[in-house]
Amino acid sequence: MELRLEPSGQKSILGNIYVGQVENIASNIGAAFVQIAPGERCYFPLSEAGQCIYASARKEDRPLRPGDEILVQVSRDAMKGKLPALTANLNFTGKYLVLTSGDKKFGISNKLGNEDRSRLTKWMEEETSRPDKEFGIIVRTNAADAEKEEILRELAYLKNQYRKVAVEGRKRTCFSLLYETEPFYISAVRDAYSRNLEEIVTDVPEVYERLSQYLSENSADEKEKLRFYGEKLLPLYKLYRLENALETIQREKVWLDSGGFLVIQQTEAFVSIDVNSGKYTGKKKAEETYRKINLEAAREIARQLRLRNLSGIILIDFINMENPDHQDELFHVLQKLLRKDPVKCRAVDITPLNILEMTRKKVRRPIIEDLRELADRHTPE
18 MELRLEPSGQ
28 KSILGNIYVG
38 QVENIASNIG
48 AAFVQIAPGE
58 RCYFPLSEAG
68 QCIYASARKE
78 DRPLRPGDEI
88 LVQVSRDAMK
98 GKLPALTANL
108 NFTGKYLVLT
118 SGDKKFGISN
128 KLGNEDRSRL
138 TKWMEEETSR
148 PDKEFGIIVR
158 TNAADAEKEE
168 ILRELAYLKN
178 QYRKVAVEGR
188 KRTCFSLLYE
198 TEPFYISAVR
208 DAYSRNLEEI
218 VTDVPEVYER
228 LSQYLSENSA
238 DEKEKLRFYG
248 EKLLPLYKLY
258 RLENALETIQ
268 REKVWLDSGG
278 FLVIQQTEAF
288 VSIDVNSGKY
298 TGKKKAEETY
308 RKINLEAARE
318 IARQLRLRNL
328 SGIILIDFIN
338 MENPDHQDEL
348 FHVLQKLLRK
358 DPVKCRAVDI
368 TPLNILEMTR
378 KKVRRPIIED
388 LRELADRHTP
398 E
């Protein structure tokens with residue numbers, strides 16, 4: 018369902034919090050350029066200027082200007098031709114909750130049922146009803162299976178993190194790293210929905226030790242799911258056919274079980290996905306044939322978006338269907354599938370030309386870019 022690559026010895030800065038310095042303001046594009054280290058420029062939307070926590074002395078009621086020192090979090094990795102993006106709304110993420118510094122509202126996962134939502138809202142009532150709220154709270158899907166004590170313990174831990182960074186961090190010098198995000202494999206385990214998590218397998222001793230420590234401290238019940246794989250004759254990447262998966266995501270054409278296929282192309286402006294009937298040999302009427310291929314394609318598209326980490330504007334050219342009920346069914350099936358994606362997705366509409374428009378939030382760059390960079394590093398000059 019998902020692949021994540023990280024070069025050995027090179028850490029991602031995604032999620033890190035810094036004391037950044039405003040280099041210049043570009044009002045024409047509604048942005049500021051902020052350095053988080055000497056020469057390391059990032060994009061900051063001016064729409065968030067009102068949420069800024071300042072580390073430098075500043076007079077009230079004046080706009081952001083060059084030289085200001087502000088606390089910023091990296092919200093998007095550098096992508097092809099684009100700088101890393103920053104946010105002033107600092108996020109502190111746990112297994113059950115997220116604390117936010119800029120948006121002081123209370124939110125709860127849409128994936129939770131009414132009974133869970135009601136119970137968890139009641140548990141958070143004392144914190145969310147405070148008149149002097151310092152931060153916002155978002156309740157995550159995993160909270161459904163947690164005891165009240167576990168959630169309150171995590172809340173206390175996140176509040177302590179918030180105060181260390183957002184309050185004490187104001188006194189730190191420019192370019193200080195105030196908060197470093199955990200390794201991606203720990204955040205992957207933390208963010209996994211517990212009910213669906215069957216096993217955690219690694220063949221890297223250091224990763225096993227770090228995960229074992231993390232689970233002991235944060236999710237003791239899940240420690241038994243962690244397993245070290247030490248079989249030398251059949252390496253882990255061979256067992257799970259990872260080479261095959263990496264090869265597959267570099268191909269534009271993806272075959273469907275029905276004999277139909279997708280063509281996935283990343284352009285500069287958007288991702289284009291074309292659905293074709295291909296070798297399909299169903300004997301039913303054409304309309305029912307196209308309905309079946311389109312529904313199968315929707316399932317595979319939702320999987321490929323995560324697998325390839327495609328984002329931004331995505332245009333899908335499904336096979337045209339005359340029946341409006343079939344169009345509505347396809348749209349709602351895709352919406353339901355996209356809700357399972359941990360990255361925010363939204364199916365927007367179907368245009369008069371029968372193109373389905375959707376978006377997927379840009380957080381990390383596509384896997385194909387990671388693979389190309391890896392290939393470039395190992396290509397002799």
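Note that this note's numbering has the sequence shown beginning at 18, numbered continuously upward. The beta-carbon is built from N, C-alpha and C at its ideal position, and this holds for glycine as well.
Proximal residues to residue i (C-beta, below 7 Å), its chain only, five neighbours per side dropped
i, result
"A315", "L347, V350, L351, L354"
"F52", "A quick correction: the sequence has Gln, not Phe, at residue 52. Closer than 7 Å at Cβ, skipping near neighbours: G37, Q38, E40, R58."
"T368", "E374"
"F152", "L116, T117, S118, K121, Y179"
"G295", "G276, G277, F278"
"P200", "R227"
"I171", "The amino acid at residue 171 is misidentified as Ile; the sequence shows Glu. Within the same chain, E171 has close Cβ partners G111, K112, Y113, L114."
"I42", "A49, L81, R82, P83"
C-beta contact flag for residue i and residue j at 8 Å
i, j, result
"L214", "S229", "no"
"R382", "L322", "no"
"M375", "V365", "yes"
"E264", "I281", "no"
"L88", "L107", "yes"
"C191", "E86", "yes"
"Y257", "V224", "no"
"L175", "F109", "yes"
"I331", "V380", "no"
"Y35", "S193", "yes"
"H343", "R389", "no"
"L159", "Y210", "Position check: residue 159 holds Asn in this sequence, whereas Leu was assumed. Yes. Within cutoff."
According to DSSP, residues forming a beta bridge with residue i
i, result
"D291", "V280, D334"
"F348", "DSSP lists no partner for F348."
"I154", "L116, F123"
"N41", "F50"
"D366", "E374"
"Y35", "V89, L194"
"V218", "R244"
"A163", "Partner(s): none; A163 has no beta bridge."
"L81", "BP columns for L81 are empty, so no partner."
"A319", "BP columns for A319 are empty, so no partner."
"L103", "V91"
"G26", "Beta-bridge pairing links G26 to no other residue."
"P148", "According to DSSP, which records beta bridges pairwise, P148 is partnered with nothing at all."
"C69", "DSSP output for C69 lists no bridge partner at all."
"M141", "Bridge partners of M141: none, in fact."
"V271", "L279"
Best match in the options for proximity to residue i [C-alpha to C-alpha]
i, options, result
"I104", "Q267, A49, S328, L253", "It should be pointed out that residue 104 corresponds to Thr in this sequence rather than to Ile. Among Q267, A49, S328, L253, the Cα nearest to that of T104 belongs to A49."
"S73", "L194, R187, Y210", "R187"
"T198", "G111, K249, E226", "G111"
"E19", "N127, D358, V182", "D358"
"E65", "S118, G56, Y35", "S118"
"R363", "G329, I384, D342", "G329"
"R136", "D120, D162, F152, K121", "D162"
"R325", "A262, G295, G47, N293", "A262"
"E143", "E339, D120, L169, V218", "L169"
"V292", "I154, M338, K249, Y254", "M338"
"L279", "A286, E285, I266", "I266"
"E167", "L370, S236, P83, G26", "S236"
"G32", "A173, A286, L250, V182", "V182"
"N371", "R356, D393, P341", "P341"
Same chain, Cβ closer than 6 Å to residue i, five either side skipped, listed in chain order
i, result
"N311", "F335, I336, L347"
"I333", "I290, L373"
"I30", "V91"
"R157", "Y113, S126"
"C69", "I87, A105"
"E216", "K242"
"E239", "L232"
"I46", "none"
Beta-carbon proximity list for residue i, same chain, < 8 Å, skipping 5 on both sides
i, result
"L100", "F50, R58, C59, Y60"
"P252", "D220"
"K165", "W140"
"L391", "L22, P24"
"K97", "R382, E386"
"L327", "I281, Q283, V288, Q321, R377, P383"
"R75", "D85"
"R189", "V36, A72, L195"
Interface flag, residue i vs chain B, CB-CB below 8 Å
i, result
"P252", "Among the protein chains of the structure shown there is no chain B, as only one such chain exists."
The ligand NAP heavy atom lying under 7 Å from the CB of residue i
i, result
"E23", "Summarising the ligand content, the structure contains no ligands, and the ligand NAP is consequently not present."
The segment 126-135 / the segment 80-94 touching (three or more Cβ pairs under 8 Å):
Pairwise C-beta distances place the segment 126-135 out of contact with the segment 80-94, as fewer than three of them are shorter than 8 Å.
Count the C-beta pairs between the segment 272-281 and the segment 313-328 that are closer than 8 Å, then say yes if the count reaches three, no if not.
Segments in contact, yes.
Are the segment 243-257 and the segment 139-150 in contact at 8 Å, needing three or more beta carbon pairs?
The segment 243-257 makes no contact with the segment 139-150; the number of CB pairs closer than 8 Å stays below 3.
Inter-stretch contact (C-beta, 8 Å, three-pair minimum) for the segment 220-239 and the segment 201-212:
Because the criterion of three Cβ pairs below 8 Å is met, the segment 220-239 and the segment 201-212 touch.
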